[in-house]
Amino acid sequence: LLDELGAPQQKMIADLIPTLISVGGIQRVLQNLLTERISIRDLATILEGVSESCGYTRNITQISEHVRARLARQISDSNTNDQNFIPLLTLSPEWEQAFAESIVGDGDEKQLAMPPSRLQQFINAVRTTFERHAMQGETPVLLVSPAIRPYVRSVIERFRPITVVMSQNEIHPKARIKTVGQV
2 LLDELGAPQQ KMIADLIPTL ISVGGIQRVL QNLLTERISI RDLATILEGV
52 SESCGYTRNI TQISEHVRAR LARQISDSNT NDQNFIPLLT LSPEWEQAFA
102 ESIVGDGDEK QLAMPPSRLQ QFINAVRTTF ERHAMQGETP VLLVSPAIRP
152 YVRSVIERFR PITVVMSQNE IHPKARIKTV GQV
């Protein structure tokens with residue numbers, strides 16, 4: 002894929018690999034995007050995002066999150082429904098805080114350390130809310146803050162892999178949104 006890019010992108014690739022990130026690192030970023038059904042056709046924008054984020058981190062998850070923000074138009078468009086808006090379920094302030102407080106570690110070592118009983122409450126709340134909206138024929142997106150998005154997604158993908166989890170950074174400024182509920 003990288004070899005098929007034009008001359009300007011080839012210069013960026015030469016600056017990126019292996020100085021800032023390995024080919025394997027770029028592959029992992031692309032895999033992270035594909036895992037959440039995000040097209041990687043706009044490889045130039047993806048590489049620009051990788052290049053920008055390598056200035057402050059080498060963490061593949063953080064790099065992937067930055068790239069997702071750069072792909073906001075594409076992510077927003079792919080989650081827009083037939084009525085031309087993105088149906089959103091927001092995460093309540095209580096759950097936002099619970100996740101933020103449960104992230105432990107520094108830098109590349111961050112991980113979610115939420116008590117299992119609290120995690121089960123979250124799973125039940127998400128399942129109930131999404132099932133209620135599914136009965137109404139809606140397929141909403143779960144909107145969370147950028148800092149907790151990868152952790153919320155890692156929990157949800159285990160029991161609702163089709164559920165899209167977006168951060169506020171991934172909603173394009175021109176996207177129309179409609180909040181349909183809260184978890």
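Positions in the sequence shown are counted from 1; adding 1 to them yields the numbering used here. We treat Cβ as the ideally placed atom computed from N, Cα and C, and that holds for glycine. Please read these numbers as outputs of a predicted model, since none were measured by experiment.
Q) When DSSP builds the beta bridges, which residues end up paired with Val-181? A) Note: Val-181 sits in no beta bridge, so no partner.
Q. Helix, strand or coil: how does DSSP classify Thr-46 here?
A. helix
Q. With burial defined as no fewer than 16 other Cβ atoms inside 10 Å of the residue's Cβ, what is the status of Glu-66: buried or exposed?
A. buried
(Q) Quick check on Pro-88: does DSSP put it in helix, strand or coil? (A) strand
Q. Buried or exposed: Leu-143, going by 16 or more other Cβ atoms within 10 Å of its Cβ?
A. buried
Q: Kindly list the residues whose CB is nearer than 6 angstroms to the CB of Arg-69, restricted to its own chain and excluding five residues on each side of it in sequence; keep chain order.
A: Glu-171
Q.
If contact is defined by three or more beta carbon pairs under 8 angstroms, each pair taking one atom from either stretch, is the segment 41-57 in contact with the segment 12-27?
A. yes
**Q.** Residue closest to Ile-177, alpha-carbon to alpha-carbon, out of Leu-31, Leu-21, Ser-77
**A.** According to the sequence displayed, residue 177 carries Arg and not Ile. Considering only alpha carbons, the answer is Ser-77.
Q. Any chance the segment 109-118 sits against the segment 132-139, with 3 or more Cβ pairs inside 8 angstroms?
A. no
Q. Quick one: Cα of Leu-90 to Cα of Ile-18, how far?
A. 39 angstroms
Q: Work out the CA separation of Pro-9 and Gln-122 for me, nearest whole Å.
A: 50 angstroms
Q: Whole angstroms is fine: what's the gap from Glu-158's alpha carbon to Arg-29's?
A: 18 angstroms
Q: Check Met-167 in the structure and name its three-state DSSP category.
A: strand
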